[in-house]
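Novice:
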Amino acid sequence: MTSAAAPPPSASLTAARRERELAALPDEVVDVLVVGLGATGAGAALDAASRGLSVAAVDAHDLAFGTSRWSSKLIHGGLRYLASGQVDVAHESAVERGVLMCRTAPHLVRALPFVLPLTPLVSRSQAAVSRAGLLAGDALRLAARTPRSVLPGPRRLSPVETLRLAPALRPYGLRGGLLSWDGQLADDARLVTAIARTAAAHGARILTRCRVIELTGSGALVRDELSGREVAVRARAVVNAAGVWAGGLVDGVRLRPSRGTHLVLRAESLGGLAAGMHVPIPGATSRFMLVIPQGDGRVYVGLTDEPVDGPIPDVPEPTPGEIGFLLDILGSALDVPVRRAEVLGAFAGLRPLLDGGDGATADLSRRHAVLTSGDGVVTIVGGKLTTYRRMAQDAVDAAVAGRGLAAGPSRTASLPLVGAAPRDRLDALDAPRRLVQRYGTEAPLLAALGRDDPALLEPVAPGLPVLGVELAWGALHEGALDAGDLLDRRTRVGLVAADRAAALPAAESLLPRTALH
Numbered sequence: 003m004t005s006a007a008a009p010p011p012s013a014s015l016t017a018a019r020r021e022r023e024l025a026a027l028p029d030e031v032v033d034v035l036v037v038g039l040g041a042t043g044a045g046a047a048l049d050a051a052s053r054g055l056s057v058a059a060v061d062a063h064d065l066a067f068g069t070s071r072w073s074s075k076l077i078h079g080g081l082r083y084l085a086s087g088q089v090d091v092a093h094e095s096a097v098e099r100g101v102l103m104c105r106t107a108p109h110l111v112r113a114l115p116f117v118l119p120l121t122p123l124v125s126r127s128q129a130a131v132s133r134a135g136l137l138a139g140d141a142l143r144l145a146a147r148t149p150r151s152v153l154p155g156p157r158r159l160s161p162v163e164t165l166r167l168a169p170a171l172r173p174y175g176l177r178g179g180l181l182s183w184d185g186q187l188a189d190d191a192r193l194v195t196a197i198a199r200t201a202a203a204h205g206a207r208i209l210t211r212c213r214v215i216e217l218t219g220s221g222a223l224v225r226d227e228l229s230g231r232e233v234a235v236r237a238r239a240v241v242n243a244a245g246v247w248a249g250g251l252v253d254g255v256r257l258r259p260s261r262g263t264h265l266v267l268r269a270e271s272l273g274g275l276a277a278g279m280h281v282p283i284p285g286a287t288s289r290f291m292l293v294i295p296q297g298d299g300r301v302y303v304g305l306t307d308e309p310v311d312g313p314i315p316d317v318p319e320p321t322p323g324e325i326g327f328l329l330d331i332l333g334s335a336l337d338v339p340v341r342r343a344e345v346l347g348a349f350a351g352l353r354p355l356l357d358g359g360d361g362a363t364a365d366l367s368r369r370h371a372v373l374t375s376g377d378g379v380v381t382i383v384g385g386k387l388t389t390y391r392r393m394a395q396d397a398v399d400a401a402v403a404g405r406g407l408a409a410g411p412s413r414t415a416s417l418p419l420v421g422a423a424p425r426d427r428l429d430a431l432d433a434p435r436r437l438v439q440r441y442g443t444e445a446p447l448l449a450a451l452g453r454d455d456p457a458l459l460e461p462v463a464p465g466l467p468v469l470g471v472e473l474a475w476g477a478l479h480e481g482a483l484d485a486g487d488l489l490d491r492r493t494r495v496g497l498v499a500a501d502r503a504a505a506l507p508a509a510e511s512l513l514p515r516t517a518l519h
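Counting in our numbering, the sequence shown runs without a single skipped number right up to 519 at its last residue.
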């Protein structure tokens with residue numbers, strides 16, 4: 003590979019860098035130790051490192067291994083929270099959406115139109131309430147200073163316009179629809195990877211496969227899951243961003259996880275959607291099922307909100323009942339219902355909600371909270387993907403204040419992530435559109451990997467949009483250590499089991515000459 007096909011070394015995560023930085027940890031005291039490398043943990047590492055603090059960030063598994071890869075892939079303005087009276091949460095969501103779309107990650111987040119079909123199941127009074135909510139959401143956009151050129155305003159659609167955007171809808175009784183816009187992530191796990199690599203570029207040590215055995219306010223005992231050796235990490239401040247596992251690391255953190263399940267369908271099953279859909283859930287005044295086209299021939303349908311009791315699994319599994327529930331709700335709006343045999347795959351994520359009592363998890367607040375234990379561990383819980391940056395800022399603020407660290411204010415609201423650039427510059431890049439939408443300004447570097455090996459510019463398996471250069475780049479520069487990292491997180495091939503099996507040989511063939519050697 004030529005030097006022209008590589009990012010700056012400081013932004014490149016490799017197996018060798020991991021080994022070198024892990025080996026050096028016992029010889030120093032870092033300013034901030036972050037536990038967890040989902041969106042919030044990676045965000046805390048970036049926030050602290052960009053303030054000039056020395057940072058080590060560890061995760062027992064991989065980047066975005068937990069909740070951060072199981073979202074709806076939306077960066078949303080918080081309409082649901084507005085409907086439930088959580089105006090501050092809704093406003094925070096709208097502000098953070100604007101930050102991502104306009105400044106920090108315009109390559110990863112783009113506007114997506116949504117249609118709320120006015121079927122016979124939606125009364126005229128419900129339609130009026132929904133329209134008022136969309137107008138209120140547009141007011142939030144204005145208050146957050148997100149320009150209408152980035153997020154257009156809502157409007158009423160005729161039945162013909164509605165069916166043009168969502169051809170699979172049942173035309174009988176359709177009174178039209180309500181059109182709105184929100185932010186869509188190209189990929190939630192890619193966002194986490196970009197955050198982590200940006201943190202690394204600012205000096206943070208990003209250490210995957212490092213499991214915390216003991217955690218205190220002055221550091222942790224960490225086990226390298228690759229070698230089995232244990233390393234003592236000393237820190238002036240500790241941030242616990244382990245999500246649904248946070249309560250297992252410190253006492254006094256009461257969480258009530260909820261499981262959100264999504265289905266993966268072929269786009270043809272829904273007639274070629276030109277927009278997402280909000281499908282009202284019967285009996286719920288402000289809850290909608292989401293139908294979200296992905297632009298790669300797949301559509302995600304979700305999501306459930308079910309309380310989870312007992313031990314927290316590493317990888318949660320959807321239940322047959324949840325799959326049936328989602329298909330039933332979807333069928334209420336379609337002319338031809340989707341059959342269970344048409345479901346290509348399903349995935350579930352756990353939300354780390356604060357335990358607020360005996361209410362349903364769907365009613366729990368999505369506010370985040372910063373909790374400090376008796377020995378000084380700062381734990382950040384609650385919240386959602388859209389507000390990861392603010393959550394990380396608040397956690398680092400608490401750590402800096404609690405330990406008296408010398409650091410200025412957060413810079414991350416205006417700090418572009420790796421690959422970010424204004425949209426006109428992104429549009430002018432000489433690289434496949436798929437790569438630009440996932441790697442931004444690094445897309446030409448990925449394309450350059452195919453100069454010596456043109457096969458890398460081909461799909462990793464027939465019928466899949468993922469290119470070989472994406473797997474190569476993941477192993478070369480994004481810290482992927484095995485085929486699971488490549489297929490399940492650096493790309494999302496693994497969401498469909500058959501696709502994963504087809505792409506596995508390509509992933510395994512690339513690893514020996516990149517990440518592992």
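The beta-carbon is built from N, C-alpha and C at its ideal position, and this holds for glycine as well. Here the structure is a predicted model, which is why all the values come from computation and not from measurement.
In whole angstroms, what is the alpha-carbon distance linking R99 and D140?
Specialist: R99 and D140: Cα-Cα distance of roughly 13 angstroms.
Novice: Classify R261 as buried or exposed, calling it buried when 16 or more other Cβ atoms lie within 10 Å of its own Cβ.
Specialist: Buried, because 16 or more other Cβ atoms sit within 10 Å of the Cβ of R261.
Novice: Once DSSP output is grouped into helix, strand and coil, what is the label at Y302?
Specialist: If DSSP states are grouped into helix, strand and coil, Y302 belongs with the strands.
Novice: Can you name the start and end residues of the beta strand (DSSP E) that R405 belongs to?
Specialist: Note, R405: premise wrong, no beta strand (DSSP E); alpha helix (DSSP H) at Y390 to R405.
Novice: Touch check for the region 129 to 147 and the region 237 to 252: three-plus C-beta pairs under 8 angstroms?
Specialist: The region 129 to 147 vs the region 237 to 252: no contact.
Novice: Rounded to the nearest angstrom, what separates R133 and G219 at their Cα positions?
Specialist: Between R133 and G219, the C-alpha separation is close to 49 angstroms.
Novice: Measuring alpha carbon to alpha carbon, tell me which residue in G278, A237 and D432 is nearest L447.
Specialist: Nearest C-alpha to L447: D432.
Novice: Could you pull the DSSP bridge partners for M291 from this structure?
Specialist: DSSP, once it has assigned bridges, lists V281 as partnering M291.
Novice: Since A59 sits in a beta bridge, which residues does DSSP pair it with?
Specialist: According to DSSP, which records beta bridges pairwise, A59 is partnered with V36 and I208.
Novice: If you run the structure through DSSP and keep just helix, strand and coil, what is A8?
Specialist: Correct three-state label for A8: coil.
Novice: Taking the Cβ atom as the reference point for each residue, do A543 and A463 lie within a distance shorter than 7 angstroms?
Specialist: Within the shown structure, residues of the chain are numbered from 3 to 519, placing residue 543 beyond reach of any answer.
Novice: If you draw a straight line from the alpha carbon of G410 to that of C104, how long is it in whole angstroms?
Specialist: One C-alpha to the other measures close to 24 angstroms.
Novice: Following the continuous beta strand (DSSP E) through I314, name the residue where it begins and the one where it ends.
Specialist: Here I314 belongs to no beta strand (DSSP E), and DSSP marks it neither H nor E.
Novice: Identify the continuous beta strand (DSSP E) that holds P115 and give its terminal residues.
Specialist: It spans V111 to P119 - the beta strand (DSSP E) in which P115 sits, taken as one unbroken run.
Novice: L355 and R258 - do their beta-carbons sit closer together than 7 angstroms?
Specialist: The answer is yes: Cβ separation under 7 angstroms.
Novice: Here's a check: name, in chain order, each residue in its chain whose Cβ is nearer than 7 angstroms to the Cβ of A482, leaving out the five neighbours to either side.
Specialist: Closer than 7 angstroms at the Cβ level, and outside the excluded window around A482, lie G476, L488, R492 and A517.
Novice: Using a Cβ-Cβ cut-off of 6 angstroms (strictly less than) and excluding sequence neighbours within five positions of P295, which residues of its own chain qualify?
Specialist: Around P295: L275 and V301.
Novice: When the Cα atoms are used, what is the spatial distance from T42 to A107?
Specialist: One C-alpha to the other measures close to 15 angstroms.
Novice: What does the Cβ neighbour count give for S160, buried or exposed, with the cut at 16 atoms within 10 Å?
Specialist: Exposed, because fewer than 16 other Cβ atoms sit within 10 Å of the Cβ of S160.
Novice: Taking the beta carbon of A26 as the centre, do at least 16 other beta carbons fall within 10 Å, making it buried, or is it exposed?
Specialist: Exposed is the call here.
Novice: What did DSSP end up calling F67 once you bin it into helix, strand or coil?
Specialist: Correct three-state label for F67: coil.
Novice: Go ahead and label I215 buried or exposed: buried means 16 or more other beta carbons lie within 10 angstroms of its beta carbon, across all protein chains shown.
Specialist: Answer is exposed; the Cβ neighbour count stays below 16.
Novice: Can you list, in chain order, the residues of its chain with a C-beta nearer than 6 angstroms to that of A113? Leave out the 5 residues immediately preceding and following it.
Specialist: Answer for A113: L153 and W183, listed in chain order.
Novice: Sort S56, L352, S52 and R126 by Cα distance to G312 and report the nearest one.
Specialist: Of the listed residues, the one whose Cα sits closest to G312 is L352.
Novice: Is the number of C-beta pairs between the region 332 to 344 and the region 263 to 272 that are closer than 8 angstroms three or more?
Specialist: Judged by Cβ distances under 8 angstroms, the region 332 to 344 makes contact with the region 263 to 272, as three or more pairs qualify.
Novice: Buried or exposed for S73, please, with buried defined as at least 16 other CB atoms from any protein chain shown within 10 angstroms of its CB.
Specialist: Its Cβ being crowded by 16 or more others within 10 Å, S73 is buried.
Novice: Going by C-alpha distance, which of L39, L110 and L136 is nearest L419?
Specialist: Among L39, L110 and L136, the Cα nearest to that of L419 is on L110.
Novice: Determine the burial state of V31: buried for a count of at least 16 other Cβ atoms within 10 Å of its Cβ, exposed for fewer.
Specialist: Exposed is the call here.
Novice: Less than 7 angstroms between C-beta atoms, sequence neighbours within five positions excluded: which residues of the same chain meet that for D226?
Specialist: The residues are L24, R211, C212 and V233.
Novice: Given this structure, state the Cα-to-Cα distance separating P149 from D399, to the nearest angstrom.
Specialist: Cα to Cα, P149 sits roughly 29 angstroms from D399.
Novice: Give every residue of the same chain whose Cβ lies closer than 8 angstroms to the Cβ of L228, excluding the five residues on either side of it in the sequence, and list them in chain order.
Specialist: Cβ neighbours of L228 beyond the five flanking positions: R211 and L483.
Novice: Taking its Cβ as the centre, do 16 or more other Cβ atoms sit within 10 Å of S127, making it buried, or is it exposed?
Specialist: Exposed.
Novice: With which residues is V372 paired in a DSSP beta bridge?
Specialist: Looking at the DSSP assignment, V372 forms a beta bridge with I382.
Novice: Per DSSP, A46 is paired with what?
Specialist: The partner list for A46 (beta bridge, DSSP) is empty, contrary to what the question assumes.
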